[in-house]
Amino acid sequence: MSKFCYRYRVRYKDVDRMGVMYYSRYFEIFEEARTELLREIGITYREMEEKGFSLPVVEAHCRYKRPALYDNVLEVYCWVSEFTGVRMTIGYDVLQNGVSIAQGSTTHAVTNDSGRITRLSPEIADLIKVQ
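Each number in the numbering used here comes from the position in the sequence shown (counting from 1) with 763 added on.
This is the structure we're talking about:
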């Protein structure tokens, strides 16, 4: 699978008085894109949780290059950039009008119901592959 594209329109609630999207909103949009990426490859967070797995964020980065503006449509490209079975990193590239305005990543540990690090089952791991 190539990079997955999630589209997001910058809403009034996302911006400050200058019409620029607030920095923390990028991480919320990363989560939305990541959720849809997993759904696209064949597994949802709910299904993982039902099987006893969680993917807490253990590290998050975002490099802001240009502002996202009110009412513009963002294209958030995301992909699995690293997967070890116990850890996964997702990369993000946010485009506005075809120009990259932010790049980031989130790293997730794989944990069981008691919060301990564990390895994903082979059936789920086979769906999540470095792209």
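Each residue gets a CB set at the ideal place from its N, CA and C atoms; glycine is no exception. All figures in this text were calculated on a predicted structure; none of them were measured in a lab.
- Counting of Cβ neighbours within 10 angstroms places Val773 among the buried residues, the total reaching 16 or more.
- Close CB contacts of Val783 within its chain, under the 6 Å cut and outside five residues either way in sequence, are with Pro830 (chain order).
- Taking all protein chains in view, the Cβ of Tyr775 is surrounded by fewer than 16 other Cβ atoms within 10 Å, so the residue is classified as exposed.
- In the three-state scheme derived from DSSP, where H, G and I count as helix and E and B as strand, Leu858 is classed as strand.
- Contact between the stretch 788-805 and the stretch 832-850 is present: three or more C-beta pairs spanning the two stretches fall below 8 Å.
- Secondary-structure assignment with DSSP links Ile853 through a beta bridge to Val843, Thr869.
- Distance from the CA of Tyr827 to the CA of Ile864, rounded to the nearest whole angstrom, comes to 6 Å.
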